[in-house]
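Take the position in the sequence shown, starting the count at 1, then add 135; the result is the number in this note's numbering. Take a look at the structure set out below.
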Amino acid sequence: MPGFIIHLAEATMIMDYMERKPDSAWRQEFLLGSLLPDTKLGADKAVSHFWGPEHNEYIARAPELTSFLDKYGHRLDEPGILGYYAHLYLDEHYVNGYWPRILTFEDADGHPEPRKERIDRVELKHSGKVIPFNQFFSSEYYYGDYTRSNHWFVERYHIQAPEYRSLSGLNMDEVRSEDLKKILEELNYLCDKGKMGDEKDLKVFELTELETFALRTAESFLSHMKHLIHI
């Protein structure tokens, strides 16, 4: 899934497209909402991300957007709820669109394999490199690329962690707004970490393609939501 900085970058793009002023309460609550799904970990993350149980064994699980809309679609005019949906929307496009373009999980015979227990290796499509699966989610490859690209996105899109505020009217079963405090602490750390040039050492992602994906997903989200006259 995209990291905190990518989610906040995409949420910032959406707010810029909507011309919401940086200091507006609406924008700040939208940004906070876009971080809410990641306040849960482990089994609770499946609930906060609206993952269906039929894909429990898969390495990549996309949110079921219709499940979210069935429950909260009537509240999409609320910035926190809309931000939450923007997070799920990005995740769904990431799993079903972006990942298949840049990598393939394979079994020991080189066949595509989505099930975690049967994956042996990962093919990186840009380089053609094949790496052992047990090395992929590491600081050398996948997670390391997020660390190496974070500063570039922070500088390019003037990303700042939103200030914590209690979303008193949130009233969601899956998350609690007070859990955002831990996420915001991590975000403040990430925004201050790194330096320009780190992004030149990416091994899994290609920076321009990652940025284009985020931009196009933000545009697609707005097009998807244009029937809501509130926004």
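Even glycine gets a Cβ: it sits at the ideal position worked out from N, Cα and C. These figures come from a predicted structure and were not determined experimentally.
*Quick one: what does DSSP say Phe288 is sitting in, helix, strand or coil?*
As a working note, residue 288 is residue 153 in the sequence shown. DSSP places Phe288 in helix when its eight states are reduced to three.
*Please determine, among Ser284, Gly232, Leu204, Asp179, the residue with the shortest C-alpha to C-alpha distance to Ile450.*
Examination of residue 450 is not possible in this model, given that the chain is present from 136 through 366 alone.
*Per DSSP, Glu241 forms a beta bridge with which residues?*
Against the sequence shown, residue 241 aligns to sequence position 106. Glu241 pairs with Pro247, Arg256.
_Same chain only: Cβ atoms within 7 Å of Val289, ignoring 5 sequence neighbours per side_ = Here residue 289 corresponds to residue number 154 of the sequence shown, with the count starting at 1. These residues qualify, in order along the chain: Ile140, Cys326.
*Compute every distance between the C-beta of Ser284 and the non-hydrogen atoms of the ligand HEM, then say whether any falls below 7 Å.*
You won't find the ligand HEM in this model; it holds no ligand whatsoever.
*Return the CA-CA distance between Ala353 and Tyr224, expressed in angstroms with no decimal places.*
In the sequence shown, counting from the first residue as 1, residue 353 sits at position 218. In the sequence shown, counting from the first residue as 1, residue 224 sits at position 89. Roughly 9 Å between the two C-alpha positions.
*Considering Ile266, what are the terminal residues of the alpha helix (DSSP H) in which it resides?*
Position 131 of the sequence shown holds residue 266. It is not in any alpha helix (DSSP H) - Ile266 instead sits in the beta strand (DSSP E) that spans 265-267.
_Span of the alpha helix (DSSP H), counted from its first residue to its last, around Leu357_ = The residue you call residue 357 lines up with position 222 of the sequence shown. Segment 342-359, the alpha helix (DSSP H) holding Leu357.
*asked:* Run through the DSSP bridge pairs and tell me what Pro198 is partnered with.
replied: Looking up residue 198 in the sequence shown gives position 63. Pro198 is bridged to Trp186.
*Kindly list the residues whose CB is nearer than 8 Å to the CB of Lys251, restricted to its own chain and excluding five residues on each side of it in sequence; keep chain order.*
To locate residue 251, count along the sequence shown from 1; it is residue 116. Cβ within range, chain order: Glu192, Tyr193, Ile194.
*Decide if the segment 227-247 is in contact with the segment 338-349; the criterion is three or more beta carbon pairs, one per stretch, under 8 Å apart.*
yes
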